[in-house]
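A.B. asks: Got a structure for you, questions after.
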Amino acid sequence: MKSIFLIALAVFLLSCSKITKSPKVKLAINPWPGYEFLYLASEKGFFLQEGLNVELIEAPSLADVQRMYAQGHANAMATTMIEAVTSAGELKKPTSLVLIPDYSNGGDVILSNENITSVRELKGKRVGAEIGSLGMFVLVKALKKNGLSLADVEVINVEQLNALNAININEIEAIVTYPPYSIELLNKTNSLKIFTSAEIPNDVVDTISVDSSILKQDPSWLKKFHKVWERSLNYAKTNQQDAYEIMAQREGISVKEFTEALTGLYILPASEQLKVLSSIQLKKNINEVCQTLMITKSISFDCQILPRYLTMAQ
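UniProt numbering applies: residue 1 is where the sequence shown begins, and numbers increase by one.
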């Protein structure tokens, strides 16, 4: 019995020594089905088991996550490419993309009131979006695809937590949103889905980015982080009921709704990460995002400086 205790103690101390060598990472994360696999990893102890000292800090929206990173309350964040580009360029802070959790191929949507049945009918209407965040990018894409521009609509800054109220009091007539907030809006209002990111496949890229100093402190951090991602996806595959219950509960939706939400995403496995992070397509996406943000005056920096501050980890 004593020998078993000593062995267990040795394993525990070894785990602790691995953690102390790994830099403390505070990862800001908001509700989004693709990010939930990180929450699952945390719940199942995968970060700890792989020797990573990662704390997930929950925030209500992408805008809140971006603010937490900017204010130094987090040194890593789960966001779309829009927030990663904006943060790196505005803060002029070396930031590394370490993981592409998913492509949104239907998850991000524009919902309108029942009197508006198409994007073209948004002309002259009040549209809610998180300015300087994902909402503006999706809105610009949707309008352009339908022969309109931002000049044709009145954009009102509405964060996701305020979306339901903004619609109910008729402050806005449409909004750019995403699960779980879009699910709540569809359940509680007569909103219509008039656009989804399925119409702009692979344009909305979700990312995990970190302060680049983390990778310098621990050169093996990226490999271990990808291992955690792999373990989480595998667990969800082999223990779907348990995994989906955990992830759906954090989203505040049913397992059925969570499962349906995942159909609007393409989840990238760990085996594809290094290839995607080094791909020309990802660089093109970053440039397109930055150019769009410049056109909409959502950023104050020139896109030419971005490669100095936003890099892809390898």
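No residue lacks a Cβ here, since even glycine has one placed at the ideal position from N, Cα and C.
Predicted model, so just to flag it, every value in this text is computed and none were measured.
Following the continuous alpha helix (DSSP H) through Asp242, name the residue where it begins and the one where it ends.
C.D. replies: Segment 240-251, the alpha helix (DSSP H) holding Asp242.
A.B. asks: Given Gly135, which residues of its chain have a CB within under 7 Å of its CB, disregarding the five upstream and five downstream residues?
C.D. replies: These residues qualify, in order along the chain: Ala129, Val176.
A.B. asks: Is Asn202 buried or exposed, if buried means 16 or more other CB atoms sit within 10 Å of its CB?
C.D. replies: That one is exposed.
A.B. asks: Of all the beta strand (DSSP E) runs that stay within the bounds of the region 39-111, which reach a length of 3 or more residues?
C.D. replies: If we require 3 residues or more, the beta strand (DSSP E) runs fully inside the region 39-111 come out as 53-58, 76-80, 95-99, 102-104.
A.B. asks: By the three-class DSSP mapping on this structure, what secondary structure does Thr259 have?
C.D. replies: Helix, per DSSP.
A.B. asks: Contact check, Val98 vs Thr79 under 8 Å by CB: the rounded distance?
C.D. replies: Wrong, their Cβ atoms sit about 12 Å apart, outside the cutoff.
A.B. asks: Between Leu62 and the rest of its own chain, which residues show a CB-CB distance below 7 Å, the 5 nearest in sequence each way excluded?
C.D. replies: Correct list, in chain order: Asn30, Thr79, Thr80, Glu83, Glu130, Ser133, Leu134.
A.B. asks: So does the region 237-245 actually touch the region 68-78, counting three or more Cβ pairs closer than 8 Å?
C.D. replies: Too few Cβ pairs lie closer than 8 Å, so no.
A.B. asks: Using the three-state DSSP reduction, which class does Ile194 fall into: helix, strand or coil?
C.D. replies: It is a strand residue.
A.B. asks: Under a three-way DSSP split, which group does Lys2 fall into?
C.D. replies: The pLDDT assigned to Lys2 is 46, lower than 50, so where the model puts this residue is not dependable; a value taken from the coordinates is nonetheless given after this. Note: Lys2 maps to helix in three-state DSSP.
A.B. asks: So what's Ile200 in DSSP terms, helix, strand or just coil?
C.D. replies: Looking at Ile200 - three-state DSSP - the assignment turns out to be coil, as it is neither helix nor strand.
A.B. asks: Could you name each continuous alpha helix (DSSP H) segment of 4 residues or more that falls completely within the region 165-195, going from the start of the chain to the end?
C.D. replies: For the region 165-195, whole alpha helix (DSSP H) runs of length 4 or above, ordered along the chain, are 181-188.
A.B. asks: How would you write the range of the alpha helix (DSSP H) that Thr292 sits in, first residue to last?
C.D. replies: Taken as a continuous stretch (DSSP letters only), the alpha helix (DSSP H) holding Thr292 covers 280-295.
A.B. asks: My output table needs one value for Val158: the three-state DSSP class, helix, strand or coil.
C.D. replies: Of the three classes helix, strand and coil, the one that applies to Val158 here is coil, per DSSP.
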